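Worksheet: the structure to be examined is printed underneath.
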Amino acid sequence: MHTYKGKSLIIHHDGDYKGECYVVDKETKTQIKVSCEDLLEFAAEYIRAKRIAKIENMDTDELLK
15 MHTYKGKSLI
25 IHHDGDYKGE
35 CYVVDKETKT
45 QIKVSCEDLL
55 EFAAEYIRAK
65 RIAKIENMDT
75 DELLK
């Protein structure tokens with residue numbers, strides 16, 4: 015089991031990122047179990063949206079770099 019410690023939460027997961035992840039709120043110690051695949055898809059969608067927004071806001075000079 016591996017552990018990621020963020021600002022407000024802790025995530026326990028298997029090293030291969032398959033199966034279930036346990037997300038723990040640092041303040042309340044509340045724990046939920048979620049699919050690692052769902053969590054990874056959520057993160058990928060967030061990154062994709064940020065990159066698309068960055069490209070849409072670039073001017074021509076920035077795009078040619």
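If you count by our numbering, then the sequence shown holds residues 15 to 79, one letter each, in order. Don't be surprised by glycine CBs; every beta carbon is placed ideally from N, CA and C. All of these numbers come straight from a predicted model, not from anything done at the bench.
Residues near residue i by beta carbon distance below 7 Å, same chain, minus five either side
{"i": "Gly33", "result": "Cys50"}
{"i": "Gly29", "result": "His16"}
{"i": "Ala57", "result": "none"}
Per-residue DSSP class, three states only, for residue i
{"i": "Tyr31", "result": "coil"}
{"i": "Lys21", "result": "coil"}
{"i": "Lys40", "result": "coil"}
Supposed contact pair residue j and residue i - C-beta distance, whole angstroms, cut 8 Å
{"i": "Lys47", "j": "Ile24", "result": "About 13 Å; that fails the 8 Å criterion."}
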